[in-house]
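In our numbering, the protein residues as written are 210 to 338.
By construction, the Cβ of each residue, glycine as well, lies at the ideal position given by its N, Cα and C atoms.
Model, not experiment: these values are computed from the prediction.
The block underneath contains the structure these notes are about, expressed in structure tokens.
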């Protein structure tokens with residue numbers, strides 16, 4: 210069986226910081242790489258707090274999913290990486306503003322991470338098409 214993989218990229222989210230794709234479509238799923246709270250217009254972190262950065266990371270995920278032909282409402286799994294686990298409540302509040310459907314994505318969140326660019330939060334996602 211041959212699987213077809215397709216790269217997803219959009220200028221409405223930050224370009225990849227390394228050797229990876231913003232997302233990859235495969236077998237009816239979209240795998241979104243970890244997104245920092247980087248504003249694609251400036252290339253800088255969108256705020257000094259974990260909540261501000263999480264809101265931007267989720268906006269970046271939404272833009273990538275839109276480019277893939279699906280949407281944020283189709284996320285089935287997310288992972289939240291926090292520099293400081295103490296920021297969980299603030300980040301979870303921003304997350305709850307985005308995932309408002311009756312079925313919330315499965316999720317993992319953990320702290321104590323050293324995140325690129327000095328970011329306080331990084332979020333990845335898997336969605337169905």
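Residue 297 sits in a helix when the DSSP states are folded into three classes. Across the structure, residue 323 and residue 294 are spaced so that their CA atoms are roughly 12 Å apart. Taking the Cα positions, residue 229 is about 10 Å away from residue 243.
The distance from the Cβ of residue 291 to that of residue 318 is about 7 Å, consistent with a contact at the 8 Å cut-off.
The Cβ atoms of residue 267 and residue 332 sit closer than 8 Å to each other. The closest CA to that of residue 238, considering only 329, 320, 325, 281, is found on 281. Where residue 331 is concerned, the enclosing beta strand (DSSP E) starts and stops at 330-337. Collapsing the DSSP output to three states places residue 244 in a strand. When 245, 258, 236 are compared, the shortest CA-CA separation from residue 225 is found for 245.
Per the DSSP secondary-structure output, residue 290 pairs in a beta bridge with 319, 331. Listed in chain order, the non-local C-beta contacts of residue 278 below 7 Å within the same chain comprise 338, local neighbours out to five positions each way being set aside. Residue range 232-235 is occupied by the beta strand (DSSP E) that includes residue 235.
Cβ-Cβ separation between residue 263 and residue 303: approximately 4 Å, consistent with a contact (criterion under 8 Å).
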